[in-house]
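A.B. asks: The following block contains the structure, expressed as structure tokens.
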Amino acid sequence: MTRSLLQHLVGDAEFEALFTDTAELAAILKFEAALARAEADAGLIPEAAATAIEAAIAAFEPNLADLAQGMIKDGVVVPALVRQLRAAVGEHGKSVHFGATSQDAIDTGLMLRLATAIGLLEQRLVAVETALAALADRDGALTMMAHTRMQQALPISVAGKIATWSAPLERSRRTLSALRRRLLVIQLGGPVGSRAELGDKAELVARLLAGRLDLGLAEPWHTQRDPIAEFAGVLSRITGSLGKLGADVALLAQNEVSIVKVEGGGGSSAMAHKSNPVNAELLVALARFNAGLLGTLHQALVHEYERSGAAWTLERLVLPQMVVATGASLRLATTLIGQVGFQSGRPQ
């Protein structure tokens, strides 16, 4: 699919790739293969069935038009996908998706993709922190004028200013790392979150499934979305901290202030003399975007009974956008920091 011009500005291809149809289907199929193997190892389905399912998934080419129609009808892609997969498996088709429900496949598939996303976010946070440390090493000994309530206040060190940008990012990175254990877990509850269909092998199957997918073990959490809300909160904190950095740079680069110079700014169609702090402005826009989406995602905590099609769909609409916005912000911040130079001389 062709990316829009706006996506080139505020998107991030590496993170967007985690939320394509191709990526989601691959993650769901990985769940189905691992589930079949776990159930065979636990003695719930025949060994031959697991082997047939794994082989069918390895060679599987989904009928995307049929999946699209199934999505329209069922609200989720899994029923149509399972029908296709059972047809591909043949005589052992009844063992496909045994004891599971659509939400198990989709939620576990999401966790598999978020594991990759979190790894990328951590790498980019380190890159931003490293760039800020290099900027502090170069310009930190300079002095600049602080501003409170948009008015000149008292002189401060540039190193102190940069520390106000880096410290919140370090805290968010530590929080993100600690959240991994609570967030990146399997979902396996069956139709109503009881695992009753797996009988006395339920705990064993769950443990084997988690091991095969390298995810944490958890009790069914179909309607317990607080770890996802917590993750979204960290995303908003990261982009908010970067938005603060962007706002400061844009203000400090104003001609009337001139504490910071930004190399390689954007041009104007009407005023050739201008150099606009585009990357700084984008950090502010993305911070506000994620802050708004966070409130919307919190609405998805409200599930009716044992599953909510409305809340679940809302979460699936919002969370990918927040992840992509955060990845883009970190990339843009690293670029911006490389463009920034503090002006030498006395405070104004």
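Quick note, the sequence shown lines up with residues 44 to 391 if you use the numbering used here.
Glycine included, every Cβ here is placed at the ideal spot set by N, Cα and C.
Just so it is clear, the structure is predicted and the values come from calculations on it, not from any experiment.
Going by C-alpha distance, which of T282, A210, V171 and G283 is nearest G381?
C.D. replies: If you number the sequence shown from 1, residue 381 lands on position 338. The shortest Cα separation from G381 among T282, A210, V171 and G283 belongs to V171.
A.B. asks: Straight-line CA distance for K304 to E104?
C.D. replies: Taking the first residue of the sequence shown as position 1, residue 304 is located at position 261. Taking the first residue of the sequence shown as position 1, residue 104 is located at position 61. About 53 Å.
A.B. asks: Can you grab the Cα-Cα spacing for the pair D109 / A123, in whole Å?
C.D. replies: Here residue 109 is taken as the residue at index 66 of the sequence shown, counted from 1. Here residue 123 is taken as the residue at index 80 of the sequence shown, counted from 1. Distance between the alpha carbons of D109 and A123: 7 Å.
A.B. asks: Does the segment 185-195 come within contact of the segment 139-151, defined as at least 3 CB pairs closer than 8 Å?
C.D. replies: With a cut-off of 8 Å, the segment 139-151 and the segment 185-195 do not count as touching, because too few Cβ pairs lie within range.
A.B. asks: Do you know offhand how far A93's Cα is from G203's?
C.D. replies: If you number the sequence shown from 1, residue 93 lands on position 50. If you number the sequence shown from 1, residue 203 lands on position 160. Going from the Cα of A93 to the Cα of G203 covers about 60 Å.
A.B. asks: Could you check which residue in G370, A275 and V300 has the C-alpha nearest to that of T339?
C.D. replies: The residue given as residue 339 occupies position 296 in the sequence shown. It is A275 whose Cα lies nearest to the Cα of T339.
A.B. asks: Residues in its own chain within less than 7 Å of L61 by CB, not counting five upstream and five downstream?
C.D. replies: To locate residue 61, count along the sequence shown from 1; it is residue 18. Once the five neighbours on either side are set aside, the close Cβ partners of L61 are R156, T159 and A160.
A.B. asks: Kindly identify the DSSP beta-bridge partner or partners of Q195.
C.D. replies: Position 152 of the sequence shown, counted from the first residue, corresponds to residue 195. In the DSSP output, where bridge partners are listed per residue, Q195 has H190.
A.B. asks: Taking 7 Å as the limit between beta carbons, can you name the residues of its chain near V120, skipping five residues before and five after?
C.D. replies: Position 77 of the sequence shown, counted from the first residue, corresponds to residue 120. Result list for V120: L110, G113 and M114, in chain order.
A.B. asks: Is G259 helix, strand or coil by DSSP?
C.D. replies: Reading the sequence shown from its first residue, position 216 is the one you call residue 259. Strand.
A.B. asks: Q127: buried (16+ other C-beta within 10 angstroms of its C-beta) or exposed?
C.D. replies: Within the sequence shown, residue 127 is the residue found at index 84, counting from 1. Counting Cβ neighbours within 10 Å, Q127 comes out buried, since at least 16 surround it.
A.B. asks: Assuming P270 and L336 are in contact, meaning their beta carbons sit under 8 Å apart, how far apart are those beta carbons, in whole angstroms?
C.D. replies: Position 227 of the sequence shown, counted from the first residue, corresponds to residue 270. Position 293 of the sequence shown, counted from the first residue, corresponds to residue 336. Not quite, the Cβ-Cβ distance comes to about 17 Å (not below 8 Å), so this is no contact.
A.B. asks: How many Å lie between A334 and L357 at the Cα?
C.D. replies: For the purposes of this step, residue 334 is identified with residue 291 of the sequence shown, where counting begins at 1. For the purposes of this step, residue 357 is identified with residue 314 of the sequence shown, where counting begins at 1. Those two C-alpha atoms are separated by around 16 Å.
A.B. asks: Mind checking who S200 pairs with in its DSSP beta bridge?
C.D. replies: Start at 1 with the first residue of the sequence shown, and residue 200 comes out as number 157. T186, per the DSSP bridge assignment.
A.B. asks: What first and last residue would you give for the alpha helix (DSSP H) that runs through F385?
C.D. replies: For the purposes of this step, residue 385 is taken as the residue at position 342 of the sequence shown. Careful: F385 lies outside any alpha helix (DSSP H), inside the beta strand (DSSP E) at V383 to F385.
A.B. asks: Can you tell me which of G142, T144 and A101 puts its alpha carbon nearest to the alpha carbon of V132?
C.D. replies: Within the sequence shown, the letter at position 89 stands for residue 132. For V132, the nearest C-alpha among the options comes from A101.
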